[in-house]
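Single-structure report; data block below.
Protein chains: 2
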Amino acid sequence: MNDSSVDLLISNGTVVLMDCENTIIENGAVAIKEDIIAATGKADELSGYKAARTIDANGGIIMPGLVNAHTHASMSIFRGIADDLPLMAWLNEHIFPAESKLTPERVYDGALLACAEMIQAGITCFCDMYLFEDFVAKAASDAGLRAVVGEVLYDFPSPNYGPIEKGFEYTERLIEKYLNDPLIKIAVEPHSTYLCAPELLKKASLISKKNNLLLVIHVSETKNELSQIKERYGLTPVEFLEDIGVLSSNLLACHCVHLTDNDISLLKKYDVKIAHNPESNMKLASGIAPVPKLLEQGICIGIGTDGCASNNNLDIFHEMSMAAKLGKVSTLDPTVMDAGSVLKMATIDGARALGISDITGSIEAGKKADIIIIDIRKPHLTPMFNPLSLLVYAARGSDVITSVINGRVVMENGNLLTINVKKTTEKVRSIALDMI
Amino acid sequence: MNDSSVDLLISNGTVVLMDCENTIIENGAVAIKEDIIAATGKADELSGYKAARTIDANGGIIMPGLVNAHTHASMSIFRGIADDLPLMAWLNEHIFPAESKLTPERVYDGALLACAEMIQAGITCFCDMYLFEDFVAKAASDAGLRAVVGEVLYDFPSPNYGPIEKGFEYTERLIEKYLNDPLIKIAVEPHSTYLCAPELLKKASLISKKNNLLLVIHVSETKNELSQIKERYGLTPVEFLEDIGVLSSNLLACHCVHLTDNDISLLKKYDVKIAHNPESNMKLASGIAPVPKLLEQGICIGIGTDGCASNNNLDIFHEMSMAAKLGKVSTLDPTVMDAGSVLKMATIDGARALGISDITGSIEAGKKADIIIIDIRKPHLTPMFNPLSLLVYAARGSDVITSVINGRVVMENGNLLTINVKKTTEKVRSIALDMI
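Chains A and B, in that order, are what the protein sequence lines are.
Heads up, the first sequence is in this note's numbering, so the first residue is -11 and it goes up one at a time.
Heads up, the second sequence is in this note's numbering, so the first residue is -11 and it goes up one at a time.
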């Protein structure tokens, strides 16, 4: 029993903590004080808390919010603008021309739409790479969504900042602006080894290390990238990044589809983190990342949706099901990537990949309260033999009914409290009309 | 203008007909008289109909209901009972022991739960293989869901009918009972070449032909099956079925994961239909069916969820996304299995695979009214550049808001009108407790 007062008590559910011991508490509850998890336990153990407000999970699943480890949120504007095309035709004939019509306001509107979709699907934190990232940060802040954002850096002039020196200045301004923000963290984000010269990559790495920030980069996404870098440097992208001193434990390497055994050893040696994006890699026919092999090596992997133009949704539940099934069929081994491992990738390991597992990714006292509730009173979530299996193989984003981020209730009973959905969808619809 | 009266007018949506011309009608409508589609067209063209009842699609997508070409509905009881296991351990240690506790009543309850899940996810017709199929037929009838059902036939005694002669008698009784049923059609369903002797298969084929019925069988699902049949007969399962005279245009071959070029030629030659079950094949690590190759040959393919124990959901939207993406990544060609082709597999070609494309699978005057409405006023369905892309790559089963089957509204505004969801889910939960 405990008679101290808390702000919020979430009660009457199966609590999946995603802590080191894989604790699952039946008839459990979580007590939240301000933005912090105060306690977890059986509902009757926590009933002594004087809670300013109580949310009844109605027998559902209470779990950490999902982490979307790699996306380009504002690309929600381009959802379905072009599909089923070869990568280069898709990029050059559709995506790049559409992106040339972007403005900071449109990036904000697209990001806000993506935030609405992500909150509704149980995502409480995302890692973003795009243009005009200050406006993505603003959208996430307005939505009440935790985010790690970084301006994309590359060799050619950007529609946002012009030449690359200005890109670094923009990044440094972001770092300063969001230094003590409760929701937003800045990352340094050079695009890739094929769009960034060694000097750019080294400088980006230095800035990230100096400021103790995440460094995000696309790595070995396509065969084409692999052969380009081999031709240019005689090395694989991973080997090249080691060669110039960029591999480190603060590096988040997105995609990692085409890896040699030596690449895998290097990623392991430097404790590099990986963002796995199965649906995008499948839809663009990039290939299948060797995730079971990477997991076997103990490499930390988060799950990302990538942008909406190559997916075409921001649903980490869908992505989890895909990741598990793709891992099994690609190895012809049904025992790999079991439900528990995949759920880890989408929660605590996603947070670890973003360098923020000290504050989110699991339900543990002292962490920030990033928590979602799954309504299981539905035919497709009946029966529940095992909550982990139910979450990975049967649940959909639309089963998330309530979401708390940083202690704030941002969705309750399916109602988004921070975003005007009607206004936001209408705005993006009108932007889309101008895109074609 | 038209002044005749109809029973139901579905109006104010983008109508995706799935007819031969791939017609899409913006601001369209569908008029329904009794169980039949009376007319399709622009909403203002159809506004002259005196409709007893009008349903406003609110700008959403009006489309044919989805066809689940292969499932074992009652296995919803076993959703998540055991996952991430080798196939034989999964079957022998979990599924078979659980199935030994089945009764006709439990088969009914499980099937009714599956029907609830399927209607909610936009399925208006499913093809089932299981035990006590009379009770699956009853569940489908009670749910108002169209179904093709058949009792599984194999060499060893069945918990339902005992020895195989009784199995054939049971099937013949089903055929007679449902001869003129508005929703239920019977199929003859020998399990597979590895569980059925040649005599059983030949007799099943004869009965199906004599009664002009669909013949359903699992074919080349696993490598293990392939080697067993090669060892037993010196032929692949497809070659063996040809050898004993079972290949024909009324045969629905489920799975077809492991096919030789000669198998594909034979399937094409005899106009055999295929049910593709990507998620089950992935989750059980059975392998990847060569669907792009089969489509190139013009072979008719439907999409199925398989049973809930190996998926673990009955969501054809999820299955479409998976099928398209798996086809692309397995061939490293992003242009194969485009959204339109995949949507065809889930609608008109699914109906064709079940031998019922004369009555369902598309929205065309004269066909039975099996129609669903997708609510697109949601962040994850915004914007809509292309309705086909939106349906295959972004929509979820939960976006279906209204369903009409055989002219009857079975779900409206998300409310299931034919099934008591609370009672049905509670019943299956209590059955599940007895399973472990």
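Note that CB positions come from ideal geometry on N, CA and C, so glycine has one too.
Along the beta strand (DSSP E) that carries residue i, what are the first and last residues, could you check?
| i | result |
| --- | --- |
| R396/A | R396 to E400 |
| F114/A | I111 to Y118 |
| L203/A | L203 to V207 |
| E139/A | R134 to L141 |
| D(-5)/B | S(-7) to V4 |
| A17/B | I12 to K21 |
| I172/B | I172 to I174 |
With respect to the alpha helix (DSSP H) encompassing residue i, which residues constitute its N-terminal and C-terminal limits?
| i | result |
| --- | --- |
| C103/A | P92 to Q108 |
| T390/A | No alpha helix (DSSP H) contains T390/A, which is instead part of the beta strand (DSSP E) from V388 to I393. |
| R161/A | I152 to K165 |
| V279/A | V279 to E284 |
| P186/B | P186 to K198 |
| M333/A | A327 to A334 |
| A128/B | E121 to A131 |
| G315/A | I304 to T319 |
| I289/B | Here I289/B belongs to no alpha helix (DSSP H); instead the beta strand (DSSP E) covers I289 to I291. |
| I419/B | V409 to M423 |
| L405/B | First-last for L405/B: undefined, no H or E at that position. |
| Y221/A | K211 to Y221 |
| S268/B | P266 to K271 |
| E231/A | Rather than Glu, the amino acid found at residue 231/A in this sequence is Asp. Note, D231/A: alpha helix (DSSP H), P225 to D231. |
So, at 7 Å on beta carbons, what are the nonlocal neighbours of residue i in its own chain, with the 5 sequence-adjacent residues on each side left out?
| i | result |
| --- | --- |
| I172/A | A125, A128, S129, A135, V137 and Y166 |
| M(-11)/B | Reliability fails at M(-11)/B, whose pLDDT of 48 lies under 50, so the model's placement of it is uncertain and the value that follows must be treated cautiously. So the qualifying residues of the chain are G36. |
| E14/A | T2 |
| L(-3)/A | A17, A19, L34, Y37, A39 and T42 |
| I107/A | A131, L133, S391, V398, M399 and L404 |
| E164/A | none |
| T206/B | Going by the sequence as given, residue 206/B is His instead of Thr. Closer than 7 Å at Cβ, skipping near neighbours: H179, S180, C242 and H243. |
| D122/A | L162 |
Could you pull out every residue in the same chain whose Cβ sits closer than 8 Å to the Cβ of residue i, ignoring the five residues on either side in sequence?
| i | result |
| --- | --- |
| D231/B | Y221 and L223 |
| I304/B | L54, V55, N56, A109, G110, I111, I291, T293, A334 and G385 |
| N374/A | A327 |
| E219/B | none |
| L379/A | V4, I49, M51, F305, M308, A327, L331 and I362 |
Closer than 6 Å by C-beta to residue i: which residues in its own chain qualify, once you throw out the five before and the five after it? Chain order, please.
| i | result |
| --- | --- |
| S(-7)/B | K38 |
| F66/A | A86 and A297 |
| P186/B | I232 |
| K261/B | L240, C288 and A341 |
> Does the pairing of the segment 266 to 273 of chain B with the segment 313 to 325 of chain A give three or more beta-carbon distances under 8 Å?
Replying inline: yes
> Of the residues that make up the segment 107 to 131 of chain A, which ones have a beta carbon closer than 8 Å to any beta carbon in chain B?
Replying inline: Q108 and A109
>> So, does the segment 415 to 424 of chain A touch the segment 393 to 405 of chain A, judging by three or more C-beta pairs under 8 Å?
In response: no
> Quick one: any contact between the segment 4 to 15 of chain B and the segment 336 to 350 of chain B, if contact means 3 or more CB pairs under 8 Å?
Replying inline: yes
>> Below 8 Å, how does it come out for the segment 403 to 413 of chain B and the segment 38 to 50 of chain B: are there three or more Cβ pairs, yes or no?
In response: no
>> Any C-beta of chain A within less than 9 Å: which residues of the segment 270 to 301 of chain B qualify?
In response: Here the close residues are M270, K271, L272, A273, S274, G275, I276, C296, N299, N300 and N301.
>> Check whether the segment 304 to 312 of chain B and the segment 339 to 353 of chain B touch, using three or more Cβ-Cβ pairs below 8 Å as the test.
In response: no
>> Count Cβ pairs between the segment 97 to 105 of chain A and the segment 142 to 157 of chain A that sit closer than 8 Å; are there 3 or more?
In response: No: the two stretches stay apart, fewer than three of their Cβ pairs being nearer than 8 Å.
> In the segment 233 to 263 of chain A, which residue ranges form an unbroken alpha helix (DSSP H) of at least 4 residues, counting only runs that do not cross its ends?
Replying inline: If we require 4 residues or more, the alpha helix (DSSP H) runs fully inside the segment 233 to 263 of chain A come out as 249 to 257.
>> Quick test of the definition: if touching needs 3 or more C-beta pairs under 8 Å, does the segment 70 to 83 of chain B touch the segment 369 to 387 of chain B?
In response: no
> For the segment 193 to 211 of chain B, which residues have a CB atom closer than 9 Å to at least one CB atom of chain A, in sequence order?
Replying inline: Listed in sequence order: K211.
> Taking any Cβ of chain A, which residues in the segment 357 to 373 of chain B have a Cβ under 8 Å from it, in chain order?
Replying inline: If the cut-off is 8 Å between Cβ atoms, the segment 357 to 373 of chain B has R365, K366, P367, H368, T370, P371, M372 and F373 near chain A.
> Touch check for the segment 355 to 364 of chain A and the segment 47 to 61 of chain A: three-plus C-beta pairs under 8 Å?
Replying inline: When Cβ pairs closer than 8 Å are counted between the two stretches, the segment 355 to 364 of chain A is seen to touch the segment 47 to 61 of chain A, the count reaching three or more.
> Quick one: complete beta strand (DSSP E) runs, 3+ long, within the segment 27 to 97 of chain B?
Replying inline: With a minimum length of 3 residues, the continuous beta strand (DSSP E) runs that stay inside the segment 27 to 97 of chain B are 38 to 44, 49 to 52 and 54 to 59.
>> For the pair the segment 84 to 93 of chain A and the segment 274 to 290 of chain A, tell me if three or more CB-CB distances fall below 8 Å.
In response: Judged by pairs of C-beta atoms under 8 Å, the segment 84 to 93 of chain A does not touch the segment 274 to 290 of chain A, as fewer than three such pairs exist.
> Given a limit of 7 Å on CB to CB distance, which residues of the segment 83 to 101 of chain A reach chain B?
Replying inline: L101
> Which ranges does the alpha helix (DSSP H) cover as unbroken runs of at least 4 residues, wholly within the segment 328 to 387 of chain A, from first to last along the chain?
Replying inline: 336 to 341
>> Count Cβ pairs between the segment 401 to 408 of chain B and the segment 399 to 407 of chain A that sit closer than 8 Å; are there 3 or more?
In response: Taking 8 Å as the limit for Cβ pairs, the verdict is that the segment 399 to 407 of chain A does not touch the segment 401 to 408 of chain B.
> Name the residues in the segment 51 to 74 of chain B whose C-beta lies less than 9 Å from a C-beta of chain A; which are they?
Replying inline: S64, I65, F66, R67, G68, I69, A70, D71, D72, L73 and P74
> Which residues, taken in chain order from the segment 228 to 250 of chain B, show a beta carbon closer than 9 Å to some beta carbon of chain A?
Replying inline: none
> Name the residues in the segment 22 to 51 of chain B whose C-beta lies less than 9 Å from a C-beta of chain A; which are they?
Replying inline: none
> When you check each C-beta in the segment 137 to 163 of chain B against every C-beta of chain A, which residues fall closer than 9 Å?
Replying inline: none
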